[in-house]
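*Asks:*
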Amino acid sequence: MDKNRINIAILEPSQIIYEGLSNILLKFKKNFYIYRFNDLEELKHSFSKLELNIAIINPSAIQNKLTDFVKLKNTSRGILWIALIYSFFDNELLQKFDDELTINSSRDQILNKIGQSVNTAVNSQIEELSEREIEVLIQMVAGLSNKEVADKLNISIHTVISHRKNITEKTGIKSLSGLTIYAISKKIIPLENTSI
Amino acid sequence: MYQTHKTFITPDMKLSGLINENSSLLLLLEHFEVDFAVKDRTVEQLCTENKIDLAVFLVIGNLYNGFYPDEKEINSLTDITSIIRFLKNSHRFYKNDKYPELRYFIQQLHEKHDSEDILLIEKFFNDYFEEVLEHLDYEDGVVFPYIIRLIEEGKIPQNSDFSANDYRDHHSDIETKLTDLKNLLLKYISLKNDFSVRRKFMFGLFELEFDLNIHSIVEDKILLPLVGKIEVEPANG
Numbered sequence: 000m001d002k003n004r005i006n007i008a009i010l011e012p013s014q015i016i017y018e019g020l021s022n023i024l025l026k027f028k029k030n031f032y033i034y035r036f037n038d039l040e041e042l043k044h045s046f047s048k049l050e051l052n053i054a055i056i057n058p059s060a061i062q063n064k065l066t067d068f069v070k071l072k073n074t075s076r077g078i079l080w081i082a083l084i085y086s087f088f089d090n091e092l093l094q095k096f097d098d099e100l101t102i103n104s105s106r107d108q109i110l111n112k113i114g115q116s117v118n119t120a121v122n123s124q125i126e127e128l129s130e131r132e133i134e135v136l137i138q139m140v141a142g143l144s145n146k147e148v149a150d151k152l153n154i155s156i157h158t159v160i161s162h163r164k165n166i167t168e169k170t171g172i173k174s175l176s177g178l179t180i181y182a183i184s185k186k187i188i189p190l191e192n193t194s195i
Numbered sequence: 000m001y002q003t004h005k006t007f008i009t010p011d012m013k014l015s016g017l018i019n020e021n022s023s024l025l026l027l028l029e030h031f032e033v034d035f036a037v038k039d040r041t042v043e044q045l046c047t048e049n050k051i052d053l054a055v056f057l058v059i060g061n062l063y064n065g066f067y068p069d070e071k072e073i074n075s076l077t078d079i080t081s082i083i084r085f086l087k088n089s090h091r092f093y094k095n096d097k098y099p100e101l102r103y104f105i106q107q108l109h110e111k112h113d114s115e116d117i118l119l120i121e122k123f124f125n126d127y128f129e130e131v132l133e134h135l136d137y138e139d140g141v142v143f144p145y146i147i148r149l150i151e152e153g154k155i156p157q158n159s160d161f162s163a164n165d166y167r168d169h170h171s172d173i174e175t176k177l178t179d180l181k182n183l184l185l186k187y188i189s190l191k192n193d194f195s196v197r198r199k200f201m202f203g204l205f206e207l208e209f210d211l212n213i214h215s216i217v218e219d220k221i222l223l224p225l226v227g228k229i230e231v232e233p234a235n236g
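If you read the protein sequences in the order shown, they are chains A and B. Position 59 (the first sequence) corresponds to 58 in numbering that gives the first Met the number 0; numbering is contiguous. Position 72 (the second sequence) corresponds to 71 in numbering that gives the first Met the number 0; numbering is contiguous.
#1: Check distances from the C-beta atoms of the stretch 174 to 197 of chain B to those of chain A and list, in chain order, the residues that come in under 8 Å.
#2: Suppose the cutoff is 6 Å on Cβ atoms and the five residues either side in sequence are ignored; what does the same chain contact list for Asn122 (chain A) look like?
#3: With DSSP run on the structure shown, which of helix, strand or coil describes Leu49 (chain A)?
#4: In this structure, how does DSSP classify Asn122 (chain A) when only helix, strand and coil are distinguished?
#5: Per DSSP, what kind of secondary structure is Leu232 (chain B) in: helix, strand or coil?
#6: Using a Cβ-Cβ cut-off of 8 Å, state whether Gly171 (chain A) counts as contacting chain B.
#7: Are there three or more Cβ pairs, one per stretch, closer than 8 Å when the stretch 10 to 27 of chain B is compared with the stretch 165 to 175 of chain A?
#8: Count the other CB atoms, across all protein chains shown, that sit within 10 Å of the CB of Val231 (chain B); report buried if there are 16 or more and exposed otherwise.
#9: Spell out a yes or no on whether the stretch 59 to 68 of chain B and the stretch 207 to 221 of chain B are touching, meaning 3 or more CB-CB pairs, one atom from each, closer than 8 Å.
#10: Can you confirm whether Ile183 (chain A), when its beta carbon is compared against all beta carbons of chain D, has any partner nearer than 8 Å?
#11: Please work out which residues of its chain come closer than 6 Å, Cβ to Cβ, to Tyr127 (chain B), disregarding the five sequence neighbours upstream and downstream, and give them in chain order.
#12: Helix, strand or coil for Leu100 (chain A), going by three-state DSSP, please let me know.
#13: Of all Cβ atoms in chain B, is any one closer than 8 Å to the Cβ of Ile16 (chain A)?
#14: Closest to Leu86 (chain B) by CA distance: which of B:Pro156, B:Ile229, B:Ile8, B:Leu135 is it?
#15: Between B:Ile79, B:Glu152, B:Glu138, B:Leu101, which has its C-alpha nearest Arg197 (chain B)'s C-alpha?
#16: In the DSSP assignment, the beta strand (DSSP E) including Leu79 (chain A) goes from what residue to what residue?
#17: When burial is assigned at 16 or more other CB atoms within 10 Å of the CB, is Ser201 (chain A) buried or exposed?
#18: Using only the alpha-carbon positions, how far apart do Tyr145 (chain B) and Thr80 (chain B) sit?
#19: Would you say Ile120 (chain B) reaches chain A, if we count a Cβ-Cβ gap shorter than 8 Å as a contact?
#20: Shortest alpha-carbon distance to Glu174 (chain B) belongs to which of B:Ser89, B:Lys13, B:Val131?
#21: Nearest chain B C-beta to Ala120 (chain A) closer than 8 Å, yes or no?
#22: Who are Asn6 (chain A)'s beta bridge partners in DSSP?
#23: Relative to the alpha-carbon of Leu65 (chain A), which residue among A:Ile154, A:Asp98, A:Thr179, A:Asp89 has its alpha-carbon at the smallest distance?
#24: Mind checking who Thr158 (chain A) pairs with in its DSSP beta bridge?
#25: In chain order, what residues of the same chain have a beta carbon less than 8 Å from the beta carbon of Phe92 (chain B), not counting five sequence neighbours either side?
#26: Closer than 7 Å, Cβ to any Cβ of chain A: which residues of the stretch 196 to 215 of chain B, in chain order?
#27: So is His162 (chain A) buried or exposed if we call it buried at 16+ other beta carbons inside 10 Å?
#28: Taking the beta carbon of Ile15 (chain A) as the centre, do at least 16 other beta carbons fall within 10 Å, making it buried, or is it exposed?
#29: Please report how far the alpha carbon of Phe7 (chain B) lies from the alpha carbon of Phe66 (chain B), in whole angstroms.
#30: Leaving out five residues before and five after Tyr32 (chain A) in sequence, what residues of the same chain have Cβ atoms less than 6 Å from its Cβ?
#31: Kindly indicate the opening and closing residues of the alpha helix (DSSP H) around Gln44 (chain B).
#32: From which residue to which residue does the alpha helix (DSSP H) around Asp210 (chain B) run?
#33: Is the stretch 143 to 154 of chain A close to the stretch 102 to 117 of chain A, with three or more CB pairs under 8 Å?
#34: Report the CB separation of Glu48 (chain B) from Val58 (chain B) in whole angstroms; it is logged as a contact under 8 Å.
#35: Going by beta-carbon coordinates alone, are Glu32 (chain B) and Asn95 (chain B) separated by less than 8 Å?
#36: Here's the rule I'm using: 16 or more other beta-carbon atoms within 10 Å means buried, otherwise exposed. How should Leu222 (chain B) be labelled?
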């Protein structure tokens with residue numbers, strides 16, 4: 000699955016408002032994946048399967064289920080909880096959310112709110128590999144196993160695995176053969192040294 | 000790619016309008032062996048005429064339009080043969096159409112550019128496609144016959160090499176390599192002065208990716224769970 004995808008849950012009883020909101024969101028960024036939920040119960044059930052980034056919720060949907068909501072919110076990390084407001088709600092209720100959108104929010108305001116959480120995720124990706132990562136990459140494409148790389152560079156196998164993960168995240172390339180091409184095109188290794 | 004803003008397809012809609020909105024639906028028609036001249040037909044009429052299960056057509060068609068079916072919709076599907084028909088024709092498309100096309104472009108690139116990068120990409124592509132073909136053959140030769148026997152005999156066929164887990168692993172491998180190939184071309188491999196062939200190659204890759212994506216959703220999220228249901232209660236299947 001695409002690591003960069005942003006999963007958004009919308010819990011909104013009105014079809015008109017749901018479709019309007021999802022249309023606005025879908026026009027914004029191509030890696031938004033929108034899931035609609037009818038009630039908190041349903042959202043809770045999909046929670047483990049879905050790696051949610053943002054949940055946009057009509058507060059009326061949680062009004063009588065505050066304990067459940069708070070529990071759900073506390074068990075999850077890194078999710079932005081946004082209240083979608085078009086009628087009056089208690090401040091106490093609204094405080095349970097991280098942020099708010101109102102029915103009068105402009106397109107740009109919506110995108111700003113949603114975009115903030117998204118942008119931090121995207122900007123944190125620096126593509127340049129560190130020196131250590133390059134060392135690991137060289138050994139990997141030479142065909143060494145994680146254990147062999149660890150022994151050779153005098154680091155733990157966990158460190159090797161975490162370097163590999165970072166290499167893939169930074170380059171966008173996962174397969175060993177793909178990484179070999181990356182290493183050659185970046186002149187990290189010469190063509191002659193490979194089995195290609 | 001199924002998040003783009005498109006119409007949710009319903010039985011009474013006209014095909015011509017839908018195709019005008021999303022030309023990828025032509026692939027859908029092709030995978031169901033339906034001629035592109037859809038005239039004035041609605042989705043329902045087209046399905047009746049071509050003996051395609053309407054519910055299956057709607058679920059798969061809506062995947063092309065960006066709508067992911069929920070569990071209820073998936074579980075309500077009964078016509079597995081229509082699904083297999085779609086999948087088999089998709090295989091034919093990958094093997095006999097998409098693959099030769101992409102291969103031709105990459106050879107052209109290779110001829111025009113005597114660069115080691117292109118050589119590497121060509122090698123990567125060929126290895127990748129060998130894997131794809133192997134997987135398609137496995138599905139055509141093992142998976143589909145297993146399912147068809149399951150449906151016809153109403154019980155789990157003996158002596159079959161089918162394994163649902165192996166099968167899913169294959170898919171993720173195939174998608175990984177395709178993503179790698181795209182990223183290599185988008186981020187790292189540059190070629191001077193050759194827009195035309197490279198564009199065709201890349202459009203081809205995107206088209207393949209789009210279709211493969213739907214293909215694996217249909218197999219992993221729709222076909223396999225439905226087959227799983229029959230395996231559990233074979234007598235009623």
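Positions of the beta carbon are idealized from the N, C-alpha and C atoms, including for glycine.
*Replies:* On the basis of the supplied data:
#1: Residues passing the 8 Å Cβ filter: Thr175, Lys176, Thr178, Asp179, Leu180, Asn182, Leu183, Lys186, Tyr187, Ile188.
#2: As a first step, residue 122 (chain A) is located in the first sequence; it is residue number 123 there, counting from the start. Since pLDDT at Asn122 (chain A) reaches only 45, below the 50 mark, its modelled position is unreliable, and no value is offered.
#3: Residue mapping note: residue 49 (chain A) aligns to position 50 of the first sequence, counting from 1. If DSSP states are grouped into helix, strand and coil, Leu49 (chain A) belongs with coil.
#4: Counted from its first residue, the first sequence places residue 122 (chain A) at position 123. Here Asn122 (chain A) scores only 45 on pLDDT, less than 50, and its place in the model should not be relied on; the value that follows carries that caveat. Asn122 (chain A) sits in a helix when the DSSP states are folded into three classes.
#5: Counted from its first residue, the second sequence places residue 232 (chain B) at position 233. According to the sequence as given, residue 232 (chain B) is Glu; it is not Leu. The answer is coil: DSSP assigns Glu232 (chain B) none of H, G, I, E or B.
#6: Along the first sequence, read from residue 1 onward, the residue named residue 171 (chain A) stands at position 172. It does: the Cβ of Gly171 (chain A) has a partner Cβ on chain B nearer than 8 Å.
#7: Cβ pair count under 8 Å is below three, so no.
#8: The count along the second sequence starts at 1 and reaches residue 231 (chain B) at position 232. With fewer than 16 Cβ atoms within 10 Å of its Cβ, Val231 (chain B) is classed as exposed.
#9: In short, these stretches touch, since the Cβ pair count reaches three.
#10: The structure shown contains no chain D; its protein chains are A and B.
#11: Locating residue 127 (chain B) in the second sequence gives position 128, where the first residue counts as 1. Lys176.
#12: On the first sequence, position 101 is the one that residue 100 (chain A) refers to. In the structure shown, Leu100 (chain A) sits in a strand (DSSP, three-state: E or B).
#13: Here residue 16 (chain A) refers to the residue found at position 17 when the first sequence is read from its first residue. Interface flag for Ile16 (chain A) against chain B is unset, since no Cβ pair is found closer than 8 Å.
#14: Start at 1 with the first residue of the second sequence, and residue 86 (chain B) comes out as number 87. Here the closest residue by C-alpha is B:Leu135.
#15: Along the second sequence, read from residue 1 onward, the residue named residue 197 (chain B) stands at position 198. Ranking B:Ile79, B:Glu152, B:Glu138, B:Leu101 by Cα distance to Arg197 (chain B) puts B:Leu101 first.
#16: For the purposes of this step, residue 79 (chain A) is taken as the residue at position 80 of the first sequence. That run of the beta strand (DSSP E) goes 79 to 84.
#17: Absent from the structure is residue 201 (chain A), since the part of chain A shown begins at 0 and ends at 195.
#18: Along the second sequence, read from residue 1 onward, the residue named residue 145 (chain B) stands at position 146. Along the second sequence, read from residue 1 onward, the residue named residue 80 (chain B) stands at position 81. Approximately 12 Å between the Cα atoms of the pair.
#19: Reading the second sequence from its first residue, position 121 is the one you call residue 120 (chain B). Yes, contact with chain A.
#20: In the second sequence, the residue the question calls residue 174 (chain B) occupies position 175. Here the closest residue by C-alpha is B:Val131.
#21: As a working note, residue 120 (chain A) is residue 121 in the first sequence. Confidence is the limiting factor: at Ala120 (chain A) the pLDDT is only 49, short of 50, which leaves the residue's position unreliable, though a coordinate-based value still follows. Cβ-Cβ to chain B under 8 Å: no for Ala120 (chain A).
#22: Within the first sequence, the letter at position 7 stands for residue 6 (chain A). Looking at the DSSP assignment, Asn6 (chain A) forms a beta bridge with A:Tyr32.
#23: The residue given as residue 65 (chain A) occupies position 66 in the first sequence. It is A:Asp89.
#24: As a first step, residue 158 (chain A) is located in the first sequence; it is residue number 159 there, counting from the start. Looking at the DSSP output, Thr158 (chain A) shares a beta bridge with no other residue.
#25: In the second sequence, counting from the first residue as 1, residue 92 (chain B) sits at position 93. Excluding its 5 nearest sequence neighbours in each direction, Phe92 (chain B) has C-beta neighbours in its own chain below 8 Å: Leu26, Glu29, His30, Asp210, listed in chain order.
#26: From the stretch 196 to 215 of chain B, no residue has a Cβ closer than 7 Å to chain A.
#27: Working through the first sequence from its first residue, we reach residue 162 (chain A) at position 163. Buried: at least 16 other Cβ atoms inside 10 Å.
#28: The residue you call residue 15 (chain A) lines up with position 16 of the first sequence. It counts as exposed.
#29: If you number the second sequence from 1, residue 7 (chain B) lands on position 8. If you number the second sequence from 1, residue 66 (chain B) lands on position 67. Using only the alpha carbons, I get a separation of about 7 Å.
#30: Indexing the first sequence from 1 puts residue 32 (chain A) at position 33. Correct list, in chain order: Arg4, Asn6.
#31: Here residue 44 (chain B) refers to the residue found at position 45 of the second sequence. In the DSSP annotation of this structure, the continuous segment of the alpha helix (DSSP H) that includes Gln44 (chain B) starts and ends at 42 to 48.
#32: The sequence position of residue 210 (chain B) within the second sequence is 211, counting from 1. Counting along the chain, Asp210 (chain B) sits inside the alpha helix (DSSP H) bounded by residues 194 to 216.
#33: As far as the Cβ criterion goes, the stretch 143 to 154 of chain A does not touch the stretch 102 to 117 of chain A, which means the pair count is below three.
#34: Taking the first residue of the second sequence as position 1, residue 48 (chain B) is located at position 49. Taking the first residue of the second sequence as position 1, residue 58 (chain B) is located at position 59. Rounded to the nearest angstrom, the Cβ distance from Glu48 (chain B) to Val58 (chain B) is 19 Å, too far for a contact under 8 Å.
#35: Numbered from its first residue, the second sequence carries residue 32 (chain B) at position 33. Numbered from its first residue, the second sequence carries residue 95 (chain B) at position 96. For Glu32 (chain B) and Asn95 (chain B), no; Cβs fall outside 8 Å.
#36: Numbered from 1 along the second sequence, position 223 holds the residue referred to as residue 222 (chain B). Result: buried.
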